[in-house]
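According to this note's numbering, the stretch in the sequence shown is residues 274 to 394, in order.
Ideal Cβ positions, reconstructed from N, Cα and C, are used throughout, including at glycine.
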Amino acid sequence: MRATITDQSGFTLIELLIITGIIGILATAGLLSYQPYKKRAYDIDAKANLQSLFLTCKLYWNDKGSTTNCNVSAVSGSSYGFASSAEVTISGQGTESNFSGTAIHNSSTTTYAVDEKSVYR
274 MRATITDQSG FTLIELLIIT GIIGILATAG LLSYQPYKKR AYDIDAKANL QSLFLTCKLY
334 WNDKGSTTNC NVSAVSGSSY GFASSAEVTI SGQGTESNFS GTAIHNSSTT TYAVDEKSVY
394 R
């Protein structure tokens, strides 16, 4: 006579498939709600870099005179310490009375701009 095991523990294949499906749905919902926060963080990074450039140019004009042209290369390095994030493309130049600058994060489509009056758009 054969002995049979009647006390089996564990999950059936159907139960495992249902749990896997539920986890997949929750993961998808989490990723979809996470995307706007990533975009917002990218945009904040670009705007912060632009603000830093403008404030560093203010220091530059204070030292060199308001009619001196300020740009990214003039304030980068050890003398004024400006360094943008590696993921942000930034440009800016002008004197204190006609400065303009732009910044965009490589993972975003929003471009930020600043003018000589420190107005950010």
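Taking 6 Å as the limit between beta carbons, can you name the residues of its chain near Thr329, skipping five residues before and five after? Along the sequence shown, read from residue 1 onward, the residue named residue 329 stands at position 56. Answer for Thr329: Val348, Tyr353, Phe355, listed in chain order.
Buried or exposed, going by whether 16 or more other CB atoms sit within 10 Å of the CB of Asn322? The residue you call residue 322 lines up with position 49 of the sequence shown. Buried, because 16 or more other Cβ atoms sit within 10 Å of the Cβ of Asn322.
Evaluate Ala314 with the Cβ neighbour count: other Cβ atoms within 10 Å of its Cβ, from every protein chain shown; 16 or more gives buried, anything less gives exposed. Here the question's residue 314 lines up with position 41 in the sequence shown. The residue in question, Ala314, is exposed, as its Cβ has fewer than 16 Cβ neighbours within 10 Å.
Report the rounded CA-to-CA distance for Lys311 versus Thr383, giving the unit in angstroms. Mapped onto the sequence shown, residue 311 falls at position 38. Mapped onto the sequence shown, residue 383 falls at position 110. Distance between the alpha carbons of Lys311 and Thr383 is about 13 Å.
With DSSP collapsed to three states, give me the class of Ser351. Within the sequence shown, numbered from 1, the residue matching residue 351 stands at position 78. Of the three classes helix, strand and coil, the one that applies to Ser351 here is coil, per DSSP.
Tell me whether Ser364 sits in a helix, a strand or coil according to DSSP, three-state version. What you label residue 364 is simply residue 91 of the sequence shown in a count that begins at 1. Residue state, collapsed to three classes: strand.
Distance check for Ile317 and Gly303, CA to CA, integer angstroms please. Here residue 303 refers to the residue found at position 30 when the sequence shown is read from its first residue. Here residue 317 refers to the residue found at position 44 when the sequence shown is read from its first residue. Answer to the nearest angstrom: the Cα atoms are 22 Å apart.
Bounding residues of the alpha helix (DSSP H) (the contiguous stretch that carries Ser282): One-based indexing of the sequence shown puts residue 282 at position 9. Element bounds for Ser282: n/a, residue is neither H nor E.
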